[in-house]
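J.:
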Amino acid sequence: MSFEKVPAGKDAPEDIYVIIENPMRTAHMKYEVDKETGCVFVDRFAPMPMFFPAHYGYINQTLGGDGDPVDAFVLSDIDVVPGCVIRCRPVGMLVTEDESGMDEKLVCVPHTKLDRRYENIKDIEDVDQLFKEQLEQFYANYKNLEAGKWVKVSGWENAASAKKCITEGMERLAKDKVA
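Each residue of the sequence shown is one higher than the one before, counting from 3 in the working numbering.
(1) For G59, write down the residues that DSSP places opposite it in a beta bridge.
(2) Using only the alpha-carbon positions, how far apart do E135 and S102 sit?
(3) Under the assumption that A79 contacts P25 (Cβ atoms under 8 Å), give the Cβ distance between them as a whole number of angstroms.
(4) Going straight from the alpha carbon of V155 to that of E6, what length do you get?
(5) Hey, which unbroken runs of the beta strand (DSSP E) at 3 residues or more fall wholly within the stretch 99-136?
(6) What do you reckon, are the CB atoms on I168 and P15 nearer than 8 Å?
(7) Identify the continuous beta strand (DSSP E) that holds E6 and give its terminal residues.
(8) So, using beta-carbon positions, are P84 and E138 closer together than 8 Å?
(9) Does the separation of the CB atoms of P51 and F133 fall below 8 Å?
(10) Is Q131 buried or exposed, if buried means 16 or more other CB atoms sit within 10 Å of its CB?
(11) To which residues does DSSP link I88 through a beta bridge?
(12) Please report the straight-line C-alpha distance between A142 and W152, rounded to a whole angstrom.
(13) Please look up how many angstroms separate the CB atoms of V72 and T64, rounded, as I've assumed it's under 8 Å.
(14) Any idea if V129 is buried or exposed, counting beta-carbon neighbours within 10 angstroms, 16 or more meaning buried?
(15) Compare the Cα-Cα distances from C90 to each of Y60, F47 and D100 and report the closest residue.
(16) Would you decide whether L147 is buried or exposed? Buried here means 16 or more other CB atoms lie within 10 Å of its CB.
(17) Tell whether a beta-carbon distance below 8 Å holds between V8 and I21.
Set out below in structure tokens:
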């Protein structure tokens, strides 16, 4: 099973696919999907007793500022498994930086065809304030006990910025393939 052929979305950046690595409530470990084999590996056991506040993964066929695909969180209370692909709409992003560089975290909701409960969430201001605070706290602290690792949380950007991040990530990957 390989994710090589999974596109960025059905109509990126408006309608995207997020490959889930860490389902909501994953605790004390970080999974990563190996891009070549499609296997889900345990990247590391996290020393902080924290859990992912939403489903976490990435948008294939993109390249973020940190050299990895663009990261994304998916708001949903439905349990999923690592390695599944969720059709989504981006509604905003949390701007962070870590030891590898700029590391934006998109906030997405399931596409209306998957779950109509999120159809009224169009932009980051529509997202529950407590969830945003939980996400900020998660990112500000989850690497605290890992030597040489750090995260700086800079703030929130709107849906237009999230879509621009996806477009730039697709363009960056295209340039990287040419080089």
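Positions of the beta carbon are idealized from the N, C-alpha and C atoms, including for glycine.
T.: In this structure, then:
(1) Along the sequence shown, read from residue 1 onward, the residue named residue 59 stands at position 57. According to DSSP, which records beta bridges pairwise, G59 is partnered with I22 and A74.
(2) As a working note, residue 135 is residue 133 in the sequence shown. As a working note, residue 102 is residue 100 in the sequence shown. Their backbone Cα atoms lie some 23 Å apart in a straight line.
(3) By one-based count along the sequence shown, residue 79 stands at place 77. By one-based count along the sequence shown, residue 25 stands at place 23. As written in the sequence, residue 79 is Asp, which differs from the Ala given in the question. The C-beta separation of D79 from P25 comes to about 11 Å, leaving the pair out of contact by the 8 Å criterion.
(4) In the sequence shown, counting from the first residue as 1, residue 155 sits at position 153. In the sequence shown, counting from the first residue as 1, residue 6 sits at position 4. If you take the alpha carbons of V155 and E6, they lie about 31 Å apart.
(5) Within the stretch 99-136, the complete beta strand (DSSP E) runs of at least 3 residues are 107-112.
(6) Taking the first residue of the sequence shown as position 1, residue 168 is located at position 166. Taking the first residue of the sequence shown as position 1, residue 15 is located at position 13. In this structure, I168 sits near P15, with a CB-CB distance shorter than 8 Å.
(7) In the sequence shown, residue 6 corresponds to position 4, counting from 1. In the DSSP annotation of this structure, E6 is not part of any beta strand (DSSP E), being labelled neither H nor E.
(8) Numbered from its first residue, the sequence shown carries residue 84 at position 82. Numbered from its first residue, the sequence shown carries residue 138 at position 136. Pairing P84 with E138 gives a Cβ-Cβ distance that is not under 8 Å.
(9) For the purposes of this step, residue 51 is taken as the residue at position 49 of the sequence shown. For the purposes of this step, residue 133 is taken as the residue at position 131 of the sequence shown. In this structure, P51 keeps its C-beta atom at 8 Å or more from the C-beta atom of F133.
(10) Position 129 of the sequence shown, counted from the start, is the residue given in the question as residue 131. The residue is exposed, with fewer than 16 neighbouring Cβ atoms inside 10 Å.
(11) Here residue 88 is taken as the residue at index 86 of the sequence shown, counted from 1. Listed as beta-bridge partners of I88 by DSSP are V20.
(12) Residue mapping note: residue 142 aligns to position 140 of the sequence shown, counting from 1. Residue mapping note: residue 152 aligns to position 150 of the sequence shown, counting from 1. Answer to the nearest angstrom: the Cα atoms are 8 Å apart.
(13) Sequence index remark: in the sequence shown, residue 72 carries index 70 (1-based). Sequence index remark: in the sequence shown, residue 64 carries index 62 (1-based). The beta-carbon separation of V72 and T64, rounded to 4 Å, stays under the 8 Å limit for a contact.
(14) The residue you call residue 129 lines up with position 127 of the sequence shown. Buried is the call here.
(15) Reading the sequence shown from its first residue, position 88 is the one you call residue 90. That would be Y60, whose Cα lies nearest to the Cα of C90.
(16) Sequence index remark: in the sequence shown, residue 147 carries index 145 (1-based). By the Cβ neighbour-count rule, L147 is exposed, with fewer than 16 other Cβ atoms within 10 Å of its own.
(17) Looking up residue 8 in the sequence shown gives position 6. Looking up residue 21 in the sequence shown gives position 19. Taking 8 Å as the Cβ cut-off, V8 and I21 qualify as a contacting pair.
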